[in-house]
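Enquirer:
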Amino acid sequence: MDKELSLEFIWLFFPIAGIIGFLLARKHPAFLFLIIPFVFMFAWLHVSEINDPFVGKDIIREAGYSYVVQSYIAISIGTILPFLGVFAWVWRRRKEKLLA
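Under the numbering used here, the residues of the sequence shown are numbered 2 to 101, in order.
1) Suppose the cutoff is 7 angstroms on Cβ atoms and the five residues either side in sequence are ignored; what does the same chain contact list for Pro16 look like?
2) Within 10 Å of its beta-carbon, does Ala31 have 16 or more other beta-carbons around it, so buried, or fewer, so exposed?
3) Going straight from the alpha carbon of Trp12 to that of Asp59, what length do you get?
4) Looking only at its chain, what residues have a beta carbon closer than 7 angstroms to the beta carbon of Ala26, apart from the 5 residues adjacent to it on each side?
5) Quick one: grab the DSSP three-state call for Gly19.
6) Just verifying my parser: in three-state terms, what is the DSSP assignment at His29?
7) Counting only beta-carbon atoms, is Leu100 nearer than 8 angstroms to chain B?
8) Extract the residue ranges of the beta strand (DSSP E) inside the segment 43-94, only unbroken runs of 3 or more that lie entirely within it.
9) If you reduce the DSSP assignment to three classes, tell me which class Leu99 lands in.
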């Protein structure tokens with residue numbers, strides 16, 4: 002586990018990246034194309050380590066299933082938030098058109 006990401010880092014990185022993505026996507030949906038590849042790249046690297054047939058078993062043995070579950074939850078939060086920002090942008094645009 003000394004070569005794997007710590008849970009503290011995972012819980013800081015992915016939600017913060019998601020919050021930044023949410024705020025940027027709220028300004029304009031085009032920012033989604035900047036943040037999502039960034040988040041997906043790091044998520045893919047981490048998930049590939051967890052699902053590796055050799056390394057994954059050792060991760061579960063040393064850190065437990067909670068490490069895997071918490072990793073997936075943090076990655077999900079970081080991935081979903083930018084898309085929610087796009088929905089907030091669309092909702093705000095529709096609201097502005099209705100008031101105009």
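Where is the CB? At the ideal position from N, CA and C, for every residue including glycine.
Expert: According to the data block:
1) Within the sequence shown, numbered from 1, the residue matching residue 16 stands at position 15. Correct list, in chain order: Ala75, Ile78, Gly79.
2) Residue 31 sits at position 30 when you count from the first residue of the sequence shown. With fewer than 16 other Cβ atoms within 10 Å, it is exposed.
3) Position 11 of the sequence shown, counted from the start, is the residue given in the question as residue 12. Position 58 of the sequence shown, counted from the start, is the residue given in the question as residue 59. Their Cα atoms are separated by approximately 21 angstroms.
4) Locating residue 26 in the sequence shown gives position 25, where the first residue counts as 1. Result list for Ala26: Phe32, Leu33, Pro83, Gly86, Val87, Trp90, in chain order.
5) Within the sequence shown, the letter at position 18 stands for residue 19. It is helical.
6) Counting from 1 along the sequence shown, the entry for residue 29 is found at position 28. Looking at His29 - three-state DSSP - the assignment turns out to be coil, as it is neither helix nor strand.
7) The structure shown contains no chain B; it is built from a single protein chain.
8) none
9) Residue numbering aside, residue 99 sits at position 98 when the sequence shown is read from its first letter. DSSP places Leu99 in helix when its eight states are reduced to three.
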